[in-house]
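Novice: In case it helps, this note's numbering puts the sequence shown at residues 19 to 344.
Every residue, glycine too, gets a C-beta built ideally from N, C-alpha and C.
These numbers come from a predicted model, not from an experiment.
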Amino acid sequence: MDTDTVLPVIDISNPTAETGQKLYEAASTLGFVFIEGSEFTSDEINDMFALSKEFFSQPFDEKQKYAISEANRGYSCLNREVLDATEKRGDPKEAFNFGQFKDDKAIQPLPPTFSRFEQDLAEFSKKCHATCHKLLDLLAVALKIDPAQGGAEWFSSRHDLKQVSGSILRFLYYPAVRNGDNENEIRAGAHTDYGSMTLLFQRAGEEGLEVLSPITNEWIAIPALQAKDSKSCPPIVVNIADQLSFWSANVLKSAVHRVKFPLHQVRSGLDRYSMAYFCHPADDTLLEPVPSPIIQSLEGAKNGDEVLTAGEHLTRRLAAAYSWKQ
Ligand SMILES: O=C(O)CCC(=O)C(=O)O
Ligand SMILES: [Fe+2]
19 MDTDTVLPVI DISNPTAETG QKLYEAASTL GFVFIEGSEF TSDEINDMFA LSKEFFSQPF
79 DEKQKYAISE ANRGYSCLNR EVLDATEKRG DPKEAFNFGQ FKDDKAIQPL PPTFSRFEQD
139 LAEFSKKCHA TCHKLLDLLA VALKIDPAQG GAEWFSSRHD LKQVSGSILR FLYYPAVRNG
199 DNENEIRAGA HTDYGSMTLL FQRAGEEGLE VLSPITNEWI AIPALQAKDS KSCPPIVVNI
259 ADQLSFWSAN VLKSAVHRVK FPLHQVRSGL DRYSMAYFCH PADDTLLEPV PSPIIQSLEG
319 AKNGDEVLTA GEHLTRRLAA AYSWKQ
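(1) Is A206 near ligand 1, judged by its Cβ being under 7 Å from some heavy atom?
(2) A166: which of V308, K83 and D178 sits nearest, CA to CA?
(3) Do you know how far the Cα of I53 is from the Cα of T59?
(4) Any idea which residues DSSP pairs D29 with across the strands?
(5) Skipping 5 residues on each side, what residues in its chain have a beta carbon closer than 6 Å to that of K40?
(6) Mark R134 as exposed unless 16 or more other C-beta atoms lie within 10 angstroms of its C-beta, in which case mark it buried.
(7) Please go through the same chain and pick out, in chain order, the residues whose beta-carbon is closer than 8 Å to the beta-carbon of E72, but skip the five residues on each side of it.
(8) When every heavy atom of ligand 1 is checked, does at least one fall within less than 7 Å of the C-beta of G38?
(9) Looking only at its own chain, which residues have a Cβ that is under 8 Å from the Cβ of C95, when we skip the five neighbours before and after it?
(10) Tell me whether A294, by its Cβ, gets closer than 7 Å to a heavy atom of ligand 1.
(11) Where does Y4 sit, in a helix, a strand or coil, going by DSSP?
(12) What separation, rounded to the nearest whole angstrom, lies between the Cα atoms of Y191 and M293?
(13) Please tell me whether, using a cut-off of 7 Å, the distance from the CB of G213 to the nearest non-hydrogen atom of ligand 1 is below it.
(14) With H, G and I counted as helix, E and B as strand and the rest as coil, what does DSSP make of W362?
(15) So, is I125 buried or exposed, given that buried needs 16 or more other C-beta atoms within 10 angstroms?
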């Protein structure tokens with residue numbers, strides 16, 4: 019398959035300025051891209067998916083003991099989250115959110131399936147964050163951020179894991195479409211992500227992610243690609259989320275996306291599993307325009323009336339999706 023016709027695949031193993039430029043081009047057009055050459059191995063990803071499957075296969079009551087809290091950690095049952103506010107029903111999917119880990123320990127109660135592997139989960143989450151740092155540095159260089167003001171580390175220094183942030187590792191489970199179900203049902207409503215950027219791990223062949231092109235306004239189906247060899251993990255989807263869009267006066271696109279099973283997935287009768295890492299800046303970070311000549315030369319790059327912090331933005335979006343009272 020010529021994947022470049024849908025999304026470019028960028029190798030980040032030995033990044034150069036050219037790698038950053040490719041990332042920036044994708045980030046400022048569709049806002050979605052595939053990366054390969056990351057430090058994740060196929061064994062590591064398979065182990066994480068196996069844990070996810072083991073957790074979701076348990077009875078409802080077991081899972082519900084860890085029901086999602088306003089802190090956005092824990093289990094979100096079928097139809098609980100409403101990603102698209104125009105939909106009356108919640109999304110037909112399940113999820114489990116891991117908040118930040120401190121000294122390799124979760125800051126939330128973990129079900130036995132996960133507590134046995136707490137350290138592996140902490141390491142996986144840390145590796146996701148480190149991968150995002152690498153990508154954020156590449157974007158900062160492409161944006162020519164003034165070295166005297168932070169340069170390449172302008173974004174990553176605002177994503178220090180030691181500080182409190184909304185960063186979340188999320189396991190997702192989309193049960194198979196069964197007889198009598200609506201084949202065209204939207205499995206995760208149209209939304210943008212709330213953080214700076216998201217990594218999405220898919221299992222090869224388990225498609226469903228669709229992106230609304232900011233250019234053509236059409237839904238584009240994103241494939242779930244095979245790994246290039248048996249040791250590597252399959253290409254990871256990376257998307258720009260709201261906070262990078264705010265920071266860049268919308269030069270970087272936080273594109274609307276959703277999950278809808280393609281016909282082959284509907285007919286296969288198979289479940290879909292995915293894992294997302296939502297990378298967020300520290301809660302008290304101001305979402306003001308970045309000191310980039312590219313951004314500052316734009317009309318409208320000045321702050322609007324209100325400059326939110328990262329934490330305020332997240333609280334508003336979560337309150338809408340879960341009907342928490344503000
Ligand atoms: O499962 C997927 O493919 C996408 C999930 C997603 O967009 C989200 O949870 O924000
Ligand atoms: Fe999303």
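Specialist: The structure says:
(1) Against the sequence shown, residue 206 aligns to sequence position 188. Correct: A206 has its Cβ closer than 7 Å to ligand 1.
(2) Here residue 166 corresponds to residue number 148 of the sequence shown, with the count starting at 1. Distance check between A166 and each of V308, K83 and D178 places V308 closest, using alpha-carbon atoms only.
(3) Locating residue 59 in the sequence shown gives position 41, counting from the first residue. Locating residue 53 in the sequence shown gives position 35, counting from the first residue. Those two C-alpha atoms are separated by around 13 Å.
(4) As a first step, residue 29 is located in the sequence shown; it is residue number 11 there, counting from the start. Per DSSP, the beta bridge partners of D29 are E54.
(5) Stepping through the sequence shown from its first residue, residue 40 is reached at position 22. Closer than 6 Å at the Cβ level, and outside the excluded window around K40, lie I28.
(6) Mapped onto the sequence shown, residue 134 falls at position 116. By the 16-neighbour rule on beta-carbons within 10 angstroms, R134 is exposed.
(7) Here residue 72 refers to the residue found at position 54 when the sequence shown is read from its first residue. Closer than 8 Å at the Cβ level, and outside the excluded window around E72, lie T131.
(8) Residue mapping note: residue 38 aligns to position 20 of the sequence shown, counting from 1. No, Cβ of G38 sits at least 7 Å from all heavy atoms of ligand 1.
(9) Numbered from its first residue, the sequence shown carries residue 95 at position 77. Taken in chain order, the residues that qualify are F78, K81, Q82, A85 and E112.
(10) Taking the first residue of the sequence shown as position 1, residue 294 is located at position 276. True, at least one ligand heavy atom lies under 7 Å from that Cβ.
(11) The chain is shown only over 19 to 344; residue 4 falls outside these bounds and no answer can be derived.
(12) In the sequence shown, counting from the first residue as 1, residue 191 sits at position 173. In the sequence shown, counting from the first residue as 1, residue 293 sits at position 275. Here the alpha carbons of M293 and Y191 stand approximately 9 Å from one another.
(13) On the sequence shown, position 195 is the one that residue 213 refers to. Not so, every heavy atom of ligand 1 lies at least 7 Å from the Cβ.
(14) Lying outside 19 to 344, the shown extent of the chain, residue 362 is not represented and no answer is given.
(15) Translated into positions along the sequence shown, residue 125 becomes position 107. By the neighbour-count rule (16 or more Cβ atoms within 10 Å), I125 is not buried but exposed.
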